[in-house]
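Trainee: Counting along the sequence shown from 1, when you hit position 49 you're at 49 in full-length UniProt numbering, and nothing is skipped either side. A virtual CB, placed ideally from N, CA and C, is assigned to each residue, including glycine.
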Amino acid sequence: MNDDKALYPPVDPIVAGLKGHCPRCGQGKLFDGFLKVRPACTNCQLDYGFADSGDGPVVFVILIVGFIVVGAALWMEVNVNPPLWLHFLLWIPLATVFSLGLMRMLKGVLINLQYRNSARQGEIDRG
Numbered sequence: 001m002n003d004d005k006a007l008y009p010p011v012d013p014i015v016a017g018l019k020g021h022c023p024r025c026g027q028g029k030l031f032d033g034f035l036k037v038r039p040a041c042t043n044c045q046l047d048y049g050f051a052d053s054g055d056g057p058v059v060f061v062i063l064i065v066g067f068i069v070v071g072a073a074l075w076m077e078v079n080v081n082p083p084l085w086l087h088f089l090l091w092i093p094l095a096t097v098f099s100l101g102l103m104r105m106l107k108g109v110l111i112n113l114q115y116r117n118s119a120r121q122g123e124i125d126r127g
């Protein structure tokens, strides 16, 4: 997977992932639409068949968004004590927007890190 290091300069997987760029060249687009991964890079033609982020981005989004939204809702409940309808009006849209925004970025980062580290599914060593 990383046999072409001499042809392309090193790409920072975090920056490229946050921008949704190719893990090899750092220029081409990684996504076709919002979360669907393209079949190949538009710039260097890298096949994205290896890209499988699985449930990793979802777990990080749940933990990050849950911490922010639940913490802010608890703070507001203790200090302001607003009615229940105001909690719904504030926290449901905020959690939705944060989740959608973070999902694309974290999926890109995990795919870029997967390429950088030549990660693949676990195998049993049959020796």
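1) So for Lys-36, helix, strand or coil by DSSP?
2) Straight-line CA distance for Lys-19 to Gly-56?
3) Measure the alpha-carbon distance for Leu-35 versus Thr-96 and round it to whole angstroms.
4) In its own chain, which residues sit with a C-beta less than 7 Å from the C-beta of Pro-39, not counting the 5 before and 5 after it?
5) Cα-Cα, which of Arg-24, Leu-7, Cys-44 and Asp-52 is closest to Lys-107?
6) Since Gly-26 and Val-109 should fall inside the 8 Å C-beta cutoff, what is the C-beta to C-beta distance between them, to a whole number of angstroms?
7) Using 10 angstroms around the beta-carbon of Gln-121, count the other beta-carbons present and answer buried if the total reaches 16, otherwise exposed.
8) Suppose contacts are defined by Cβ-Cβ distances below 8 Å. Is Leu-102 in contact with Val-59 by that definition?
9) Nearest-angstrom Cα distance between Leu-90 and Leu-7?
Mentor: Checking against the coordinates, here is how it stands:
1) Indexing the sequence shown from 1 puts residue 36 at position 36. Reduced to three states, the DSSP call for Lys-36 is coil.
2) For the purposes of this step, residue 19 is taken as the residue at position 19 of the sequence shown. For the purposes of this step, residue 56 is taken as the residue at position 56 of the sequence shown. Taking the straight line from one Cα to the other gives about 18 Å.
3) Position 35 of the sequence shown holds residue 35. Position 96 of the sequence shown holds residue 96. The straight-line gap from Cα to Cα measures roughly 15 Å.
4) In the sequence shown, counting from the first residue as 1, residue 39 sits at position 39. These residues qualify, in order along the chain: Tyr-48.
5) For this step, residue 107 is matched to residue 107 along the sequence shown. Checked all of Arg-24, Leu-7, Cys-44 and Asp-52; the closest Cα to Lys-107 is Asp-52.
6) What you label residue 26 is simply residue 26 of the sequence shown in a count that begins at 1. What you label residue 109 is simply residue 109 of the sequence shown in a count that begins at 1. Wrong, their Cβ atoms sit about 13 Å apart, outside the cutoff.
7) Counting from 1 along the sequence shown, the entry for residue 121 is found at position 121. Exposed, by the Cβ-count rule.
8) As a first step, residue 102 must be located in the sequence shown, where it is residue number 102. As a first step, residue 59 must be located in the sequence shown, where it is residue number 59. Contact: no.
9) In the sequence shown, the residue the question calls residue 90 occupies position 90. In the sequence shown, the residue the question calls residue 7 occupies position 7. Each residue's alpha carbon lies about 49 Å from the other.
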